[in-house]
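For the sequence shown, UniProt numbering assigns the number 1 to the initial residue and increments by one for each residue that follows.
Glycine included, each C-beta is placed from N, C-alpha and C at the ideal position.
Structure, as structure tokens:
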Amino acid sequence: MALTWEDKEVSFDVPYSEMRLRHGEKVIDKLGDIEDTKGNYGDRGRLIITNLRILWHSMSSPRKIQGTTHALHLLTISNGTRYEFVFTNLDQGNIRHFTTVVGVYKAYITSKLYRELKLRGGVVHNKKLKILPLEQVVSSMHGVWNLSSDQGSLGTFIVSNIRFVWFADINEGFNISLPYLQVESIRVRDSKFGKALVIKSNERSGNFILGFKVDPEEKLITLYKELTSLHTVLFNNPIYGVEYMWSTNIKENDEKGDIWEEDPKNEIGNTLAVYLADEGHKKDRLPVYSKELGLAIESIKEGYTLKKLWELSACRPNFLDCSANAQLDKTIADRYMCLPIPDTKTQISYVWIDGTGLDLRMRTRTLSFTPCNYKDCPNWSFDGSSTFFSTPEQSDNYIVPIAMYADPFRRGNNKMVLCETFSHDKKPTKTNHRQCCIEVLNKVCEQEVMFGFEQEFYLIGPQGDPYGWPCGSTPKSSGKNYSGIGSQRVVGREVLECIYRCCLYSGIEIYGTTAERAYGQWEVLTGPTLSIKAADDLWMARYIIQRVAEEFGLSASFKANLVKNGVPSGLHTNMSTKCTRDDGGLKHIQDYICKLEKNHKTDQKYYDCSEGKHLKERLTGRHHTCNIEKFKSGVGDRTACIRISPAVADKKKGFFEDRRPCSCADPYNIITALVNTCLG
Numbered sequence: 001m002a003l004t005w006e007d008k009e010v011s012f013d014v015p016y017s018e019m020r021l022r023h024g025e026k027v028i029d030k031l032g033d034i035e036d037t038k039g040n041y042g043d044r045g046r047l048i049i050t051n052l053r054i055l056w057h058s059m060s061s062p063r064k065i066q067g068t069t070h071a072l073h074l075l076t077i078s079n080g081t082r083y084e085f086v087f088t089n090l091d092q093g094n095i096r097h098f099t100t101v102v103g104v105y106k107a108y109i110t111s112k113l114y115r116e117l118k119l120r121g122g123v124v125h126n127k128k129l130k131i132l133p134l135e136q137v138v139s140s141m142h143g144v145w146n147l148s149s150d151q152g153s154l155g156t157f158i159v160s161n162i163r164f165v166w167f168a169d170i171n172e173g174f175n176i177s178l179p180y181l182q183v184e185s186i187r188v189r190d191s192k193f194g195k196a197l198v199i200k201s202n203e204r205s206g207n208f209i210l211g212f213k214v215d216p217e218e219k220l221i222t223l224y225k226e227l228t229s230l231h232t233v234l235f236n237n238p239i240y241g242v243e244y245m246w247s248t249n250i251k252e253n254d255e256k257g258d259i260w261e262e263d264p265k266n267e268i269g270n271t272l273a274v275y276l277a278d279e280g281h282k283k284d285r286l287p288v289y290s291k292e293l294g295l296a297i298e299s300i301k302e303g304y305t306l307k308k309l310w311e312l313s314a315c316r317p318n319f320l321d322c323s324a325n326a327q328l329d330k331t332i333a334d335r336y337m338c339l340p341i342p343d344t345k346t347q348i349s350y351v352w353i354d355g356t357g358l359d360l361r362m363r364t365r366t367l368s369f370t371p372c373n374y375k376d377c378p379n380w381s382f383d384g385s386s387t388f389f390s391t392p393e394q395s396d397n398y399i400v401p402i403a404m405y406a407d408p409f410r411r412g413n414n415k416m417v418l419c420e421t422f423s424h425d426k427k428p429t430k431t432n433h434r435q436c437c438i439e440v441l442n443k444v445c446e447q448e449v450m451f452g453f454e455q456e457f458y459l460i461g462p463q464g465d466p467y468g469w470p471c472g473s474t475p476k477s478s479g480k481n482y483s484g485i486g487s488q489r490v491v492g493r494e495v496l497e498c499i500y501r502c503c504l505y506s507g508i509e510i511y512g513t514t515a516e517r518a519y520g521q522w523e524v525l526t527g528p529t530l531s532i533k534a535a536d537d538l539w540m541a542r543y544i545i546q547r548v549a550e551e552f553g554l555s556a557s558f559k560a561n562l563v564k565n566g567v568p569s570g571l572h573t574n575m576s577t578k579c580t581r582d583d584g585g586l587k588h589i590q591d592y593i594c595k596l597e598k599n600h601k602t603d604q605k606y607y608d609c610s611e612g613k614h615l616k617e618r619l620t621g622r623h624h625t626c627n628i629e630k631f632k633s634g635v636g637d638r639t640a641c642i643r644i645s646p647a648v649a650d651k652k653k654g655f656f657e658d659r660r661p662c663s664c665a666d667p668y669n670i671i672t673a674l675v676n677t678c679l680g
């Protein structure tokens, strides 16, 4: 069969025949003066960018750059080996080699479903296939058995012009999406179930063997012929999922002389470019042995090191390159996550607050039934000496489930349970503030107290800096970031969208999300929810935020003052009672504000995770905060301690917003303080 494209190919010194365009491949851009800056001599060559890959080949004469330059820096992994490429455009000020690659890559990476096997993916919703652009459904067949287990699973088989999809009738999350580009063979074979359709994926997709039982046999043969025909057509005319438009005025840049003088005034190139440009590098230097490389290399000039020559000074490489999690091949995990689990088994994630009072821990336990609520989940133990609770001599602490949620990471019947912690003598631990909170709320049940939380946080990269921030500098916050749109104003929106979906799936009362005032800072809003569930939901939302960030090779910081003199993070808390929500409730809100003003100093210890120590650094009177020494309230005033929204003021009933709590505060403590002060 004709050669088609395979992802993750990296080849060197290939014959000319392998550089020819493949089926479905189109040239997007071609640039003639591109130097392989990673080479010892900086070979001059041609860079060809297609919709599928990047091609570079050398040309007749070597070329050494002079002056500073723009460089395209590429990192990739193939078969466990990490490769690094640096391509420099010798055409002054021309960064087309960068912009074209980035544009094609973004389009290519978002169209993986056209080329990759997907197991248990979000490809089906409400028993309907999520149609891809350029995709057309050819046929749909119900009552098709998936023979991956001894019992088999009954489901629906959908054939499109790009792929086939099967999903289980009782659980649409159990599904398979296989593009024809990843199919090695399609056959009809005898099995213990009778005649079966057997589809084998190619090596790149893991050599899966998929079996399907279709009755009667006439329908099986029809389906086999249909798939075989589409498989053949798609190999000759593959659909890669992206349509490109070509501009008629794009021309290959002109060939220059052997030395192209760069203008040194725009010094934004990499260290190697500056090294080669220094003094023109008119002659080769004597060779010396390099212990780092195990090779003989040209002696390095004074003031430079071998390591420094490969560091880019203009910008940091892909922010996730340092993250071990981000480098893991998720397709390997898919191979195992699709393994069938007995219907009698359920995985339960036990989540609890550790001894820091801020961080969460998690363990997973298998149950032989599906729990209906948290009371069905047994208590468990954990190592208190490894979670900042106790010494190794008395390390057995206990976790007791108190709230249950659907598990968005494992899905199916699997669950997550939020737990309270108890010490070895069965007493609440030092960070178990929920017990006290429940006691306070039980005294005011008739008030029907409701809470909502606005959790602000920063996304953090693997090196500990806020995600997306330039190397060694702090972006200025501006009105452009808040609720912003566009890559210059927000970063990490994909992470937040995943967090949003996970919260909705799990049963958390999530109100929405917002891009905050600093680049890389976000807000998740939960509630309004009655009583203790508001705090339970927030802790579980914090767990989901960290788990989703982990999938992207990131983490989340709930520190109140992550960046010195930067925009702090808060946990604005909205509170209402039955009487504030009734007609004339504004008067009761004003009564509560008077009580809060009297207790302004004493309540501060409840508003962060260090009994008020971080609060002083956050409440400075800057960045939409009130000075910690003052107390003020106002309608629509974001510099106040207590804010009343204009809508509440107009209706004269509703809720009030306490803007004092830090982002790291325990919501159980906040509820305790507000209820004691306002209703005590």
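For residue j and residue i, believed in contact at Cβ under 8 angstroms, the rounded distance
| i | j | result |
| --- | --- | --- |
| residue 418 | residue 536 | 6 angstroms |
| residue 422 | residue 398 | 4 angstroms |
| residue 454 | residue 523 | 6 angstroms |
| residue 654 | residue 646 | In fact, because the Cβ distance is near 11 angstroms, the residues do not count as touching under 8 angstroms. |
| residue 160 | residue 183 | That pair is no contact at about 13 angstroms. |
| residue 660 | residue 592 | In fact, because the Cβ distance is near 14 angstroms, the residues do not count as touching under 8 angstroms. |
| residue 340 | residue 149 | 4 angstroms |
| residue 223 | residue 664 | Contact doesn't hold; Cβ gap of about 57 angstroms is too wide. |
| residue 97 | residue 34 | 6 angstroms |
| residue 51 | residue 240 | 6 angstroms |
| residue 490 | residue 586 | Not confirmed; about 36 angstroms, so no contact. |
| residue 195 | residue 217 | 6 angstroms |
Nearest to residue i (by Cα), restricted to the options the options
| i | options | result |
| --- | --- | --- |
| residue 449 | 158, 675, 166 | 675 |
| residue 513 | 397, 494, 568 | 494 |
| residue 485 | 519, 432, 145 | 519 |
| residue 187 | 177, 205, 211 | 211 |
| residue 354 | 433, 299, 377, 332 | 433 |
| residue 379 | 189, 45, 396 | 396 |
| residue 334 | 149, 605, 178 | 178 |
| residue 569 | 387, 516, 404 | 516 |
| residue 468 | 479, 451, 487 | 487 |
| residue 36 | 642, 219, 74, 222 | 74 |
| residue 671 | 357, 153, 436, 490 | 436 |
| residue 367 | 213, 338, 345 | 345 |
| residue 554 | 602, 496, 541 | 496 |
| residue 221 | 408, 198, 610 | 198 |
| residue 237 | 123, 29, 374, 25 | 25 |
| residue 348 | 298, 401, 337, 174 | 401 |
| residue 428 | 157, 483, 389, 133 | 389 |
| residue 609 | 86, 49, 430 | 430 |
| residue 109 | 136, 532, 53, 561 | 53 |
Terminal residues of the beta strand (DSSP E) in which residue i lies
| i | result |
| --- | --- |
| residue 142 | 137 to 146 |
| residue 430 | First-last for residue 430: undefined, no H or E at that position. |
| residue 574 | 571 to 576 |
| residue 157 | 153 to 160 |
| residue 212 | 209 to 213 |
| residue 388 | From DSSP, residue 388 is part of no beta strand (DSSP E); its letter is neither H nor E. |
| residue 224 | Run containing residue 224: none in the beta strand (DSSP E); it sits in the alpha helix (DSSP H), 217 to 236. |
| residue 452 | 450 to 460 |
| residue 168 | 163 to 168 |
Residue interval of the alpha helix (DSSP H) (run including residue i)
| i | result |
| --- | --- |
| residue 679 | 667 to 679 |
| residue 602 | 600 to 603 |
| residue 646 | 646 to 651 |
| residue 438 | 434 to 442 |
| residue 103 | 96 to 109 |
| residue 353 | Element bounds for residue 353: not the alpha helix (DSSP H) but the beta strand (DSSP E), 346 to 353. |
| residue 618 | 613 to 618 |
Any non-hydrogen atom of the ligand HEM closer than 7 angstroms to residue i Cβ
| i | result |
| --- | --- |
| residue 31 | Absent from the structure shown: the ligand HEM. Ligands present: none. |
Sufficient close CB pairs (3 or more, under 8 angstroms) joining the region 624 to 641 to the region 406 to 415: no
With three or more beta-carbon pairs closer than 8 angstroms as the criterion, would you say the region 547 to 554 touches the region 459 to 471? yes
Those runs of the alpha helix (DSSP H) which lie wholly inside the region 495 to 558 and span at least 4 residues: 533 to 551
Do the region 498 to 509 and the region 523 to 541 touch if we need at least three Cβ pairs shorter than 8 angstroms? yes
The region 126 to 135 / the region 87 to 104 touching (three or more Cβ pairs under 8 angstroms): no
Can we say the region 573 to 583 touches the region 436 to 452, given the rule of at least three CB pairs closer than 8 angstroms? yes
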